[in-house]
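Okay, so here's the structure we're looking at.
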Amino acid sequence: MDIDEVLMSEQMVPCTTLHDAQHLAWLDQTARQSQPLAADSRLSLPLWMAEPLHKRQNVEVELPEFYNDMYRQALRADAPHLDLRSQSDYYFDVGSQLSILLDGTRDLADHLLAGFASRYHGLLPAALNASTNADSSAIEEKLTLRERAISFFGRSAARDYSKWRAEKQRLEQSTLIRKKRHRNPIAHAR
89 MDIDEVLMSE QMVPCTTLHD AQHLAWLDQT ARQSQPLAAD SRLSLPLWMA
139 EPLHKRQNVE VELPEFYNDM YRQALRADAP HLDLRSQSDY YFDVGSQLSI
189 LLDGTRDLAD HLLAGFASRY HGLLPAALNA STNADSSAIE EKLTLRERAI
239 SFFGRSAARD YSKWRAEKQR LEQSTLIRKK RHRNPIAHAR
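The opening residue of the sequence shown carries number 89 in the numbering used here; numbering runs sequentially from there.
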């Protein structure tokens with residue numbers, strides 16, 4: 089696992105317990121600590137904990153508020169301008185993980201894919217055409233961690249390409265290539 093995967097799995101997701109749980113009342117601040125955690129208790133658990141508990145049918149994982157229909161409509165309508173970072177640095181990663189975990193959310197996966205593609209198509213040209221002196225902080229603060237990495241590598245590639253183009257004037261054709269081009273075309277036909 090890399091560090092981003094570990095940090096992504098720390099995202100809190102809403103859950104509801106399906107059974108009474110002994111010695112877990114500490115997970116719910118409103119529960120009496122001397123009593124078992126009652127069934128139907130609403131908790132916020134990190135994704136890494138909620139996933140195995142959901143698979144064992146101990147909790148029902150729910151989608152966080154920022155994946156609800158209102159956000160999906162906003163993602164469909166104006167994906168490049170949404171501030172997804174304020175919801176989660178790992179918005180697309182967590183959503184993808186949740187769509188796999190909750191089998192009935194294929195709709196979520198489709199919206200995430202369309203939203204990421206829309207944001208990517210706006211991000212890549214902006215990253216490749218940004219001058220080295222341009223302040224991109226206003227754009228960057230709305231981007232998820234993955235999008236910021238794409239932006240950084242896009243700007244880096246554009247910078248390297250510009251540098252290469254500036255050095256290109258010093259490159260000259262190899263003498264072997266020149267000799268090959270000046271050969272007699274009739275000699276090659278035989």
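Note that the Cβ used here is the ideal one computed from N, Cα and C, for glycine as well. Since the structure is predicted, the reported quantities are computational estimates derived from the model, not experimental observations.
Check                                                                                                                                                       : Outcome
Shortest alpha-carbon distance to F240 belongs to which of Q145, P134, Y208 and Q110?                                                                       : Y208
Suppose the cutoff is 7 Å on Cβ atoms and the five residues either side in sequence are ignored; what does the same chain contact list for A167 look like?  : G203, S206 and R207
Comparing C-alpha positions only, which one of K143, E235, R236 and N156 sits nearest to L190?                                                              : K143
How many whole angstroms separate the CB atoms of L125 and L112, which I take to be in contact at a CB cut-off of 8 Å?                                      : 4 Å
Where does the unbroken alpha helix (DSSP H) through E139 begin, and where does it stop?                                                                    : L135 to K143
Less than 9 Å separating the beta-carbons of M96 and Q185?                                                                                                  : yes
Go through its chain and collect everything with a Cβ distance to Y155's Cβ below 8 Å, but skip five positions before and after it.                         : G183, L186 and L196
With which residues is L131 paired in a DSSP beta bridge?                                                                                                   : C103
Pick from Q99, D128 and S132: whose alpha carbon is nearest that of L115?                                                                                   : S132
Compute the distance between the beta-carbons of P140 and V101, then report whether it is under 9 Å.                                                        : no
Using a Cβ-Cβ cut-off of 8 Å (strictly less than) and excluding sequence neighbours within five positions of N146, which residues of its own chain qualify? : T105, L106, H107 and A109
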